[in-house]
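Count the sequence shown with this note's numbering and you get residues -11 to 291, in order.
Every residue, glycine too, gets a C-beta built ideally from N, C-alpha and C.
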Amino acid sequence: PKATWGMTLGNSVLRIRNRGDFVRNKCTWKSRRDQLDALGFVWDVKEYKFELFYSALKHYAMLQRTQSRRRHDDGQNTGRSENSGRGGGVMQQIPTRRPNLFNSPTSALRIPSTYIVPSNTSAWPRELWGYPLGEKSMSVRQKQLYVKDHPERMQMLQEEIGFHRNGNANLGWLKVVHACAVYSQMNGRVLDVPYKFVVPYPPSHHEVGRSASSESMPGRSVRNDRGSDDAWPWPEYLWGFPLGQRIRDIRSKGAYLRGKDAEKRRQQLDALGFIWQSPRRRRQESQQQKEVAMKQQLSRFRR
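Below, the structure written as structure tokens:
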């Protein structure tokens, strides 16, 4: 309206927030606050920005874990259909556990640093379209954005959503070392994982995961079949995890073993019985030892 031309709106809003201007009158303060609330007035900008981040993060977690549930259910239905074909038309349903995907400590939320909430999609609320969630998440972790001097906020993000202060790289290591711990325990505290090994799925999911993993482990017996999902040693968030590839990356590229935590992580692997030499290197050394032994025998024979 013409009456507002030239008005310093930003300064007026700042005065309302900081000093309570225009809303201090005993007779009119309530009606004026109600008018501002109806217009969506933001009284605390910092709190508003945190709530926006929280809403985006929670919605992202919901979408990710909904997809995880669908993959779980699709695989479980596949396994049931395979079992029904073997059972003379009777569907053999094995009771399965569905862990709480929102509060489980193993379901840490990972967000790409470049992730931006997509626009023009019904999957996201309109007010979040274009929100730089990946950038904000990185700032929260590295610079304590929104959570500095507010430890209760970080605790809420962790407990309710699975958002941890550690970055994606640290979360990746936790996944690797957890899988290594399970594998080591199942193999007599020896951590020598074949390159093609993938963490197997439970019997009720489908038989393919179990048979494929057993075929990928020649010469080593891994007790994958525990009878039911209730006794399955691998947690759901590790199903299908390419542990063999990760182990090869550790050996050949030093993956996860850089930075200030490198020595601590090496000690963790040593405690699990990690074999640092690659299978090829071990074969080469074995061949060299045989050749040396043969030369020594020939030398003694000639004497």
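Exercise. Applying the criterion that 16 or more other CB atoms from any shown protein chain within 10 Å of the CB defines a buried residue, is LEU2 buried or exposed?
Worked result: So LEU2 ends up on the exposed side.
Exercise. Which of the three DSSP states, helix, strand or coil, is assigned to LEU27?
Worked result: In the structure shown, LEU27 sits in coil (DSSP, three-state: anything other than H, G, I, E or B).
Exercise. Between THR(-4) and PRO(-11), what straight-line distance do the alpha-carbon atoms span, to the nearest angstrom?
Worked result: Each residue's CA atom was taken as its position, placing THR(-4) and PRO(-11) some 14 Å apart.
For this session: Examine the Cβ distances between the region 111 to 122 and the region 15 to 34 and report whether three or more of them are shorter than 8 Å.
Result: no
Problem set entry | Burial state of VAL128, where buried means 16 or more other Cβ atoms lie within 10 Å | buried
For this session: My understanding is that LYS46 touches ILE149, with C-beta atoms under 8 Å, so please give their C-beta distance in whole angstroms.
Result: 6 Å
Problem set entry | Min CB distance TRP(-7) to chain D below 7 Å | Absent here is chain D; the protein component of the structure consists of one chain.
For this session: Using three-state DSSP, classify LEU245 as helix, strand or coil.
Result: coil
Problem set entry | Per-residue DSSP class, three states only, for ARG97 | Just to set this straight, residue 97 is Leu in the shown sequence, not Arg. In this structure, LEU97 counts as coil in the three-state DSSP scheme.
Exercise. Do VAL165 and LEU231 have their CB atoms nearer than 7 Å?
Worked result: no
For this session: Give the C-beta separation of TRP161 and TYR244 to the nearest angstrom, bearing in mind that I take them to be a contact with Cβ-Cβ under 8 Å.
Result: 5 Å
Exercise. Using DSSP with H/G/I as helix, E/B as strand and the rest coil, what is PHE185?
Worked result: coil
Exercise. What span of residues does the alpha helix (DSSP H) with ILE149 cover, start to end?
Worked result: No alpha helix (DSSP H) contains ILE149, which DSSP labels as neither H nor E.
Problem set entry | Close Cβ partners of GLY76 (< 8 Å) along its chain, the five nearest in sequence each way excluded | With a pLDDT of 39 at GLY76, under the threshold of 50, the predicted position of this residue should be treated as unreliable, though the coordinate-derived value follows. Cβ within range, chain order: n/a, list empty.
Problem set entry | One or two residues paired with PHE262 in a DSSP bridge | LEU179
Exercise. Got a sec? Which residues, its chain only, sit under 8 Å from ALA(-9) by beta carbon, not counting five neighbours each side?
Worked result: none
Problem set entry | Contacts around GLN265, its chain only, beta-carbon distance under 7 Å, and the 5 residues preceding and following it disregarded | none
Problem set entry | Option in ILE263, TYR42, ILE4, TYR134 with minimal Cα separation from PHE29 | Of ILE263, TYR42, ILE4, TYR134, the residue nearest in Cα terms is ILE4.
Exercise. Which residues in the same chain have their Cβ closer than 7 Å to the Cβ of GLU253, if we skip the five residues on either side of it in sequence?
Worked result: Here the sequence assigns Arg to residue 253, which means Glu is not the residue at that position. Hits under 7 Å: TRP161, TYR244, LEU245.
For this session: Compare the Cα-Cα distances from GLN130 to each of ILE104, MET142, ASP137, ARG153 and report the closest residue.
Result: The residue with the shortest Cα to Cα distance from GLN130 is ARG153.
Problem set entry | Contacting residues, own chain, Cβ-Cβ under 6 Å from SER204 (five flanking each side not counted) | Confidence at SER204 is low in this model, with a pLDDT of 43, below 50, so its placement is unreliable and the value that follows should be read with caution. Here the set comprises PRO182, LYS184, PHE185.
Problem set entry | Inter-residue spacing [alpha-carbon to alpha-carbon] between ALA44 and PRO267 | 46 Å
Exercise. So MET126 is in the alpha helix (DSSP H); what residue range does that whole segment cover?
Worked result: 121 to 131
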